[in-house]
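Structure, as C-alpha cells:
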Amino acid sequence: MLDDATLLDKVARITGYRDFGSEEFRPALRALLASFNQELGPHALGEQVFPAGLLQSLTNRLWTTETLRRHPEIRDIRIERPIIITGTFRTGTTLLQRLLAADPANRAPVLWELQSPVDPPGRDSAQIRSQMFAPAELFVWLLNQVAPEISQLMHPGNAHWPEEDEWLMRSSFLNPTLGWFYYLPSYMSWLEQQDLVPAYQYWRQQLQLLLWRIPGRQLVLKNPSHLFALDALWAVVPDALVVHLHRDMQEVLPSLCSLMQALHGLTRPRPDGASAGRYASHLLKQMVDRMLQFRRRPHQLEILDVHYRSLVADPLAVVRQIYQRLGRTIDERGERAMRAWLAQNPQHKGGKHSYSLEQFQLDPQAVAQMFQSYSDQFLSPAPGRL
C-alpha cells in the first residue's frame, strides 16, 4: 500500500530538500494514492512504474520550490499568447504540434524537459543537462520494449520530440491524463469535483521555468486533457489561442479504446475489449460534456476550430490560419522547415493502427447518440470552420 507520508519522507531524504511549496497538492496526492491502492490491483510492473512517477513529480516539486526561492525573477517571465492545441484524443494534435515545432520561430517543449522541467538547484545546468535527458530516454526505451504497438503505431515518441504538456500537471497531482494512462475511476470521479485553477497556476509556473532555462517567445503546447478544464485554462492564460481539433467520434472512440487497453495493460492485467470500451466511453463523454458546458457559456477565450480531415488534407493551410490569428505570416525558413518535416513524417509512417467499435463491444448507434450534441455543434458544415 502506498501512502503519502512515506513518499514525501523518501523523496525529501533523497533530494535533501523538504519544502514542497503550497500544501494544496496533498489532498490530490491522497486521492490518487487511494485510487491506485483500491483499483489497480497487484501487478509487478505497475507497482514499479506508478510510484516511480510519483517520486519524480515530488522531486520536481521540491526542486521548483528551491529554484524559485533562489531566483524569484522567474515568476515575472511572461507567457505571451501561447498556441494551445487540444481536441479529443486521436484528432491530430500530435501532428499539428510537431509540424509547428519545425518552424524555428516557435518553441515547443520536448519530452525530456517536460518530465524534468527544473534542474537540480545549485548545479551547473550545462554540466548536468545530459543527465536530465536520461529519464525520458529510459521511458521511451521501456515503452518500446513492453508496448511497441504504442510507441510504433499509436504514438511514436522520442526524448527530444515535442510532447504533451500534461507532464507539467503531474506535480500538482490534479491531472485528468492520469485517469487515461492508468485505471483510476475513483480518482477521476473525485477530480471532476475539484477546482483546477491551482493546477493550472502551477502548470504556468512550470512553463516559466522552462522559458528561464531555454528561452523562446512563441510557445506551442498540446494536451487533449485541456478540454477537461477550459475554464481553468482561460483563468490562467486568458490571451491564449486555443486550436481545437475535431473528428467523428465513430473514429475517435475505438482508437482511444485501443490506446487505453494497451496503456492499462502496462500497469494491471490487460483489460478485455468490453471493459476498455466502457471506461474509455465514460471518460470521453465526461471530457466532451465539460467542454460543451464551457463553450456554451460567455467567455473570451479565443478558439479556432479545425476538422481533422482539413488538417490531414492541407496541414500548412491550417498553420496559415493559426498564424493569421496571431498576426503572423510563415516566413521562407519556417515554411521550408515545415515542408521538410511533412515529407519526412507521412501519415502511417510506422504502420497503420487498425481498430473498430465492435472490438470493444460498442454499438455505433449508441455512440452516435452519446455524442450527438457534440457532432451537431462541431462536425456539421459551418461558415468559417476549417
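Using my numbering, count along the sequence shown one by one with no gaps and you end on 795. We put the CB at the ideal spot given by N, CA and C, even for glycine. It should be emphasised that the depicted structure is a prediction, and the values quoted were computed from it without experimental measurement.
Exclusion of the five residues before and after Arg704 leaves no residue of its chain whose Cβ lies closer than 7 angstroms to its Cβ. Within the region 571-643, the beta strand (DSSP E) runs of at least 3 residues that lie entirely inside it are, in chain order, 627-631. Note on Met410: under 16 other CB atoms within 10 angstroms of its CB, so exposed under the neighbour-count rule. Only residues of its own chain outside the window of five on either side were considered, and among them Gln695 have a CB closer than 7 angstroms to the CB of Glu601, listed in chain order. In this structure, the alpha-carbon of Ile486 lies about 33 angstroms from that of Leu751. Annotation for Ile492: the continuous beta strand (DSSP E) segment containing it runs 492-496. Between His655 and Phe787, the CB-CB gap stays under 7 angstroms. Under DSSP, Ile712 forms a beta bridge with Val651.
Between Arg470 and Phe429, the alpha-carbon positions lie close to 6 angstroms from each other. Runs of the beta strand (DSSP E) spanning 3 or more residues and lying entirely within the region 433-513 occur at 492-496, in chain order. One alpha carbon belongs to Pro526, the other to Thr476, and they sit about 11 angstroms apart.
Within the same chain, and ignoring the five residues on either side of Val606 in sequence, the residues whose Cβ sits closer than 7 angstroms to its Cβ are Ala641, Ala644, Val645.
Bridge pairing for Arg704: absent [DSSP]. The alpha-carbon separation between Gly462 and Pro436 amounts to approximately 18 angstroms. Judged by DSSP secondary structure, Gln753 falls within the alpha helix (DSSP H) whose first and last residues are 741-753. Separation of Glu546 and Asn553 (C-alpha to C-alpha, rounded to the nearest whole angstrom) is 11 angstroms. Sequence-distant partners of Pro530 (beyond 5 residues in either direction) whose C-beta falls short of 8 angstroms from its own C-beta, in its chain, are Tyr426, Trp472, Glu475, Thr476, Arg479. Rounded to whole angstroms, the Cβ separation of Ile731 and Leu650 is 7 angstroms, and the two are in contact under 8 angstroms.
Distance from the CA of His708 to the CA of Glu456, rounded to the nearest whole angstrom, comes to 43 angstroms.
In the three-state DSSP reduction, Arg516 falls in the strand class (E or B). Taking the C-beta atoms as reference points, Asp512 is found nearer than 7 angstroms to Ala746.
Nearest in C-alpha terms to Pro647, of all of Glu489, Asn446, Glu482, is Glu489. In the DSSP assignment, Ala722 falls within the alpha helix (DSSP H) that extends over 717-722. DSSP places Gln659 inside the alpha helix (DSSP H), whose first and last residues are 658-673. Sequence-distant partners of Pro557 (beyond 5 residues in either direction) whose C-beta falls short of 6 angstroms from its own C-beta are missing from its chain. With contacts defined by Cβ atoms closer than 7 angstroms, Ala517 and Gln506 form a contacting pair. With fewer than 16 other Cβ atoms from the protein chains shown falling within 10 Å of its own Cβ, Ala775 counts as exposed.
Pairwise C-beta distances place the region 764-771 in contact with the region 667-684, as three or more of them are shorter than 8 angstroms. Sorting Gln753, Val420, Asp785 by C-alpha distance to the C-alpha of Leu701 places Asp785 at the top. Close CB contacts of Asn632 within its chain, under the 7 angstroms cut and outside five residues either way in sequence, are with Thr495, Glu573, Asp574, Glu575 (chain order). In this structure, the beta-carbon distance from Gly588 to Met578 does not fall below 7 angstroms. Taking Ser782 as the centre and dropping the five residues before and after it, the same chain places the C-beta of Leu701 closer than 7 angstroms to its C-beta, in chain order.
Excluding five sequence positions before and after Val629, the CB atoms of its chain that fall closer than 8 angstroms to its own CB belong to Pro491, Ile492, Ile494, Gln506, Leu509, Ala510, Asn515, Arg516, Ala517, Pro571, given in chain order.
Assignment of Ser784 by DSSP, reduced to helix, strand and coil, places it in the helix class. It is roughly 16 angstroms from the alpha-carbon of Arg729 to the alpha-carbon of Glu711.
C-alpha of Ser444 to C-alpha of Pro594: approximately 7 angstroms in a straight line.
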